[in-house]
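A.B. asks:
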Ligand code: SF4
């Protein structure tokens, strides 16, 4: 048998049917749904009299719209948001789908609760009407975002019509320098490939620096595969992965566990397998980075300066001009002198316990700069509870952070957590598009450690100067 | 889904790279539980001032382009989120064809599910059509899916590639789910075999 990549193996294991032109029907093991991209899909089922083929393979959670204020149990004030969450509740009930509701401690961002509940397992195919589904690839699962029509398709058939993508490997060799994290890796990769560099590919991340990352770090890396244009990001499972999954509510139980484990251990890219493209990075050369523009590819080391439009080519010249204008930055300006108004720590990229620990480590005994708005939104109710148990929440609150309930929050500002026009934010989220965090809001993407450093000084800051 | 066979319509130029789905339809309009009505807010933050008045310079606000059915744009169109609200908004506005040198993966797929034809062309062809599109109301393109050709205002013709399965679905306005359910026995057989292979799932 010819050598296969990890992607090839998972693909082959889920192939229900293939047409001569390569159009394939892929079986889906896990389907996650949230309130924003699912109502029209359930409505479609109703209109056609169809049912959910395998409701036990689907899990629903409201995350994008939910307020993160402590009193949210009172209900959602915004009428449209409330209707959307209510629709999810009704749909889950009508179609027999499990849902973690707003008052359930398991509620949280869809890509955080999947791994947390053991819904995410190696070798699975996982889809969700959300582009950051790539996150689950950290477990060696083929996971990607789909549109609402496809959500309906998966609900009705438990399959997805797909054509196979090409294989790309991203190898990060060596070890990261102190202060450099998974977020810096993933942003640096996008800086190198561009936001369209991964289009048409599934990326497998490998190399010593990736293997050394915790599961949380690996999720951060895969989370942003979509920002590089890739359909999915993958990391081969190993002992760390198995240890993370073991004992979680939906993990395979005794008896089955051994069977699953034996299979999971076959999930790696065979020696000599073919990759259609390769990107190789030296971990030692990755610095703590920030974005300066309105595309995640607009990334530079914090020690750098704001570029000029003329530094680019083609359509990017005009795009850079527009970005700088929107961001209110001047070419040549030092990134470390850019002053900020707000710090947002959270999202499916960096809202896990390890991220909060990192921030707490830096904030211990320090304060958020006067006048700065600083908020921390844990990725799930369970992350929040764990942070409280570990004393992290107290450290963060004493430092001056607003400690909120779980949800997507200011990552996209569909709930009341938004930037005002012109407000500048150091954010651990994943998109710096125009208006993403609020109309006219200016976003700088960075790691949790870098966000903490910025919270202390009130400007974009090299975390290595602080620790 | 509405069939797509042939469209004759005004092409609007949007010479920007990385047009993301947050631009196409900002998040505040994702709260709907319907597929329709989103055209009013297509490109909202580029099209309207905060007080709701139109930004005159934006292409779709110019008289020549108010009824555009074709959009010509730069690289990586539709990047960002998976929101199908983006093609819904385009469709609701009346756009049936988007032409660009490259598209983001999920957006590209979502178009086909909604009767919108996304066409990938080499940069020089896009540049040519962008030029044509700048001619305002005279910039009428004829996009024929059957013959896979685009006819410009000056009579020149450009051919394009399209996935045969997707083409068939668009031409027939076919329902994907209905097509897949024709293979239902195969899905059942797969599930039975899979359960013996992976009993923990
Ligand atoms: S945290 Fe942000 S990126 Fe992640 S699912 Fe929520 S809105 Fe999307």
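Residue numbers (the numbering used here), protein chains in the order written: chain V, 44 to 510; chain A, 7 to 207.
All C-beta atoms in this analysis are idealised placements derived from N, C-alpha and C, irrespective of residue type, glycine included.
Keep in mind it's a predicted model, so treat the numbers as computed, not measured.
On the criterion of 16 or more Cβ atoms from any shown chain inside 10 Å, does residue 177 of chain A qualify as buried, or is it exposed?
C.D. replies: Here residue 177 of chain A refers to the residue found at position 171 of the second chain. Exposed: under 16 other Cβ atoms inside 10 Å.
A.B. asks: Roughly how many angstroms separate the alpha carbons of residue 173 of chain A and residue 11 of chain A, rounded to a whole number?
C.D. replies: Within the second chain, the letter at position 167 stands for residue 173 of chain A. Within the second chain, the letter at position 5 stands for residue 11 of chain A. Straight-line Cα distance between these residues: approximately 9 Å.
A.B. asks: Tell me the start and end of each unbroken beta strand (DSSP E) in the segment 245 to 296 of chain V that is at least 3 residues and wholly inside, in chain order.
C.D. replies: Fully enclosed beta strand (DSSP E) runs of 3 or longer: 275 to 277.
A.B. asks: The segment 47 to 62 of chain A: which residues have C-beta closer than 8 Å to a C-beta of chain V, in chain order?
C.D. replies: Hits within the stretch, in order: 51, 56.
A.B. asks: Is it right to say residue 73 of chain A is buried, meaning 16 or more other beta carbons lie within 10 angstroms of its own, or is it exposed?
C.D. replies: The residue given as residue 73 of chain A occupies position 67 in the second chain. The residue in question, residue 73 of chain A, is exposed, as its Cβ has fewer than 16 Cβ neighbours within 10 Å.
A.B. asks: For a cutoff of 9 Å on Cβ pairs, would you count residue 108 of chain A as touching chain V?
C.D. replies: The residue labelled residue 108 of chain A in the question sits at position 102 within the second chain. Residue 108 of chain A counts as touching chain V.
A.B. asks: Use the C-beta contact count for residue 323 of chain V: other C-beta atoms within 10 angstroms, 16 or more gives buried, fewer gives exposed.
C.D. replies: Stepping through the first chain from its first residue, residue 323 of chain V is reached at position 280. Exposed, since its Cβ has fewer than 16 Cβ neighbours within 10 Å.
A.B. asks: Residue 205 of chain V lies in the alpha helix (DSSP H); which residues open and close that run?
C.D. replies: Within the first chain, numbered from 1, the residue matching residue 205 of chain V stands at position 162. Segment 202 to 205 is the beta strand (DSSP E) holding residue 205 of chain V; no alpha helix (DSSP H) there.
A.B. asks: If you draw a straight line from the alpha carbon of residue 33 of chain A to that of residue 297 of chain V, how long is it in whole angstroms?
C.D. replies: Start at 1 with the first residue of the second chain, and residue 33 of chain A comes out as number 27. Start at 1 with the first residue of the first chain, and residue 297 of chain V comes out as number 254. Looking at the two C-alpha atoms, the distance is approximately 44 Å.
A.B. asks: With 9 Å set as the bound, which would you pick, yes or no: does the beta-carbon of residue 33 of chain A sit closer than that to a beta-carbon of chain V?
C.D. replies: As a position in the second chain, residue 33 of chain A is number 27, starting the count at 1. For residue 33 of chain A, the answer is yes, since a Cβ of chain V falls inside 9 Å of its Cβ.
A.B. asks: How about residue 334 of chain V and residue 238 of chain V: are their beta carbons less than 9 Å apart?
C.D. replies: In the first chain, residue 334 of chain V corresponds to position 291, counting from 1. In the first chain, residue 238 of chain V corresponds to position 195, counting from 1. In this structure, residue 238 of chain V does not lie closer than 9 Å to residue 334 of chain V by Cβ.
A.B. asks: Classify residue 502 of chain V as helix, strand or coil using the three-state DSSP reduction.
C.D. replies: Residue numbering aside, residue 502 of chain V sits at position 459 when the first chain is read from its first letter. Of the three classes helix, strand and coil, the one that applies to residue 502 of chain V here is strand, per DSSP.
A.B. asks: Cβ closer than 7 Å: which chain C residues qualify as neighbours of residue 89 of chain A?
C.D. replies: In the displayed structure, chain C is absent; the protein chains listed are V and A.
A.B. asks: Please list the residues of the segment 456 to 470 of chain V that have a C-beta atom closer than 9 Å to any C-beta atom in chain A, keeping them in chain order.
C.D. replies: From the segment 456 to 470 of chain V, only 456, 457, 464 have a Cβ closer than 9 Å to chain A.
A.B. asks: Quick one: which unbroken alpha helix (DSSP H) runs of 4-plus residues sit fully inside the segment 360 to 423 of chain V? Chain order, please.
C.D. replies: As far as the segment 360 to 423 of chain V is concerned, its whole alpha helix (DSSP H) runs of at least 4 residues are 390 to 393, 396 to 406.
A.B. asks: Residues in the same chain with beta-carbon distance under 7 Å from residue 311 of chain V, minus the five sequence neighbours each way, listed in chain order, please.
C.D. replies: Residue numbering aside, residue 311 of chain V sits at position 268 when the first chain is read from its first letter. The residues are 49, 279.
A.B. asks: Express the C-alpha separation of residue 109 of chain V and residue 23 of chain V in angstroms, rounding to a whole number.
C.D. replies: Because residue 23 of chain V is not part of the residues shown, which for chain V are 44 to 510, the question remains open.
A.B. asks: Are the CB atoms of residue 320 of chain V and residue 244 of chain V nearer to each other than 9 Å?
C.D. replies: For the purposes of this step, residue 320 of chain V is taken as the residue at position 277 of the first chain. For the purposes of this step, residue 244 of chain V is taken as the residue at position 201 of the first chain. In this structure, residue 244 of chain V lies closer than 9 Å to residue 320 of chain V by Cβ.
A.B. asks: Tell me whether residue 473 of chain V counts as near the ligand SF4, meaning its Cβ is closer than 8 Å to at least one heavy atom of that ligand.
C.D. replies: Translated into the one-based positions of the first chain, residue 473 of chain V becomes position 430. The answer is yes for residue 473 of chain V.
A.B. asks: Does any C-beta atom of chain A lie closer than 9 Å to the C-beta of residue 49 of chain V?
C.D. replies: By 1-based counting over the first chain, the position of residue 49 of chain V is 6. By this cut-off, residue 49 of chain V is not an interface position.
A.B. asks: Rounded to whole angstroms, what's the CA-CA distance from residue 63 of chain V to residue 357 of chain V? Just pull it up for me.
C.D. replies: Along the first chain, read from residue 1 onward, the residue named residue 63 of chain V stands at position 20. Along the first chain, read from residue 1 onward, the residue named residue 357 of chain V stands at position 314. One C-alpha to the other measures close to 39 Å.
A.B. asks: Contact defined as beta carbons within less than 8 Å: I believe residue 189 of chain A pairs with residue 68 of chain V. What is the distance between those atoms, to the nearest angstrom?
C.D. replies: Counting from one through the second chain, the residue named residue 189 of chain A turns up at place 183. Counting from one through the first chain, the residue named residue 68 of chain V turns up at place 25. With 8 Å as the limit, residue 189 of chain A and residue 68 of chain V qualify as a contact, their Cβ atoms being about 6 Å apart.
A.B. asks: Per DSSP, which one or two residues make a beta bridge with residue 157 of chain A?
C.D. replies: In the second chain, counting from the first residue as 1, residue 157 of chain A sits at position 151. For residue 157 of chain A, which the question treats as bridged, DSSP gives the partners A:148, A:163.
A.B. asks: For the segment 173 to 196 of chain A, enumerate the residues whose C-beta is nearer than 7 Å to any C-beta of chain V, in chain order.
C.D. replies: Taking 7 Å as the Cβ-Cβ cut-off against chain V, the residues of the segment 173 to 196 of chain A that qualify are 182, 183, 186, 187, 189, 192, 193, 196.
A.B. asks: How about residue 22 of chain A and residue 80 of chain A: do their beta carbons lie closer than 9 Å?
C.D. replies: As a working note, residue 22 of chain A is residue 16 in the second chain. As a working note, residue 80 of chain A is residue 74 in the second chain. Result yes, Cβ atoms of residue 22 of chain A and residue 80 of chain A sit closer than 9 Å.
A.B. asks: Which one or two residues does DSSP pair with residue 76 of chain A in a beta bridge?
C.D. replies: Your numbering for residue 76 of chain A matches position 70 in the second chain. DSSP, once it has assigned bridges, lists A:17, A:103 as partnering residue 76 of chain A.
A.B. asks: By the DSSP assignment, the beta strand (DSSP E) with residue 187 of chain V in it spans what residues?
C.D. replies: Taking the first residue of the first chain as 1, we reach residue 187 of chain V at position 144. Taken as a continuous stretch (DSSP letters only), the beta strand (DSSP E) holding residue 187 of chain V covers 185 to 188.
A.B. asks: Given the structure, does residue 419 of chain V come close to the ligand SF4, in the sense that its CB is under 8 Å from one of the ligand's heavy atoms?
C.D. replies: As a first step, residue 419 of chain V must be located in the first chain, where it is residue number 376. Because no heavy atom of the ligand SF4 lies under 8 Å away, the Cβ of residue 419 of chain V does not count as near it: no.
A.B. asks: Consider the Cβ of residue 438 of chain V: report whether some Cβ of chain A lies at a distance smaller than 9 Å.
C.D. replies: Here residue 438 of chain V corresponds to residue number 395 of the first chain, with the count starting at 1. Closer than 9 Å: no.
A.B. asks: Between residue 96 of chain A and chain V, is the shortest Cβ-Cβ distance under 9 Å, so that the two count as touching?
C.D. replies: The count along the second chain starts at 1 and reaches residue 96 of chain A at position 90. So no, residue 96 of chain A is outside the interface.
A.B. asks: Say whether the segment 382 to 392 of chain V touches the segment 416 to 430 of chain V, bearing in mind that this needs 3 or more beta-carbon pairs closer than 8 Å, one atom from each stretch.
C.D. replies: Because the criterion of three Cβ pairs below 8 Å is met, the segment 382 to 392 of chain V and the segment 416 to 430 of chain V touch.
A.B. asks: Note down, in chain order, every chain A residue with its Cβ under 8 Å from the Cβ of residue 124 of chain V.
C.D. replies: Taking the first chain and counting its residues from 1, the one referred to as residue 124 of chain V is at position 81. Under the 8 Å cutoff, chain A gives 37.
A.B. asks: Could you name the residues of chain A that residue 160 of chain V contacts, counting a contact when the two beta carbons are closer than 8 Å?
C.D. replies: Residue 160 of chain V sits at position 117 when you count from the first residue of the first chain. The contacting residues do not exist; residue 160 of chain V stays about 15 Å from chain A at best.
A.B. asks: Within 9 Å of any Cβ in chain A, is that where the Cβ of residue 201 of chain V sits?
C.D. replies: In the first chain, the residue the question calls residue 201 of chain V occupies position 158. With 9 Å as the cut-off, residue 201 of chain V counts as an interface residue toward chain A.
A.B. asks: Is it a yes or a no for the segment 80 to 95 of chain A touching the segment 142 to 157 of chain A, going by three-plus beta-carbon pairs under 8 Å?
C.D. replies: The segment 80 to 95 of chain A is not in contact with the segment 142 to 157 of chain A.
A.B. asks: For residue 509 of chain V and residue 354 of chain V, I'd like the C-alpha separation in whole angstroms.
C.D. replies: As a position in the first chain, residue 509 of chain V is number 466, starting the count at 1. As a position in the first chain, residue 354 of chain V is number 311, starting the count at 1. Each residue's Cα considered, the two are about 31 Å apart.
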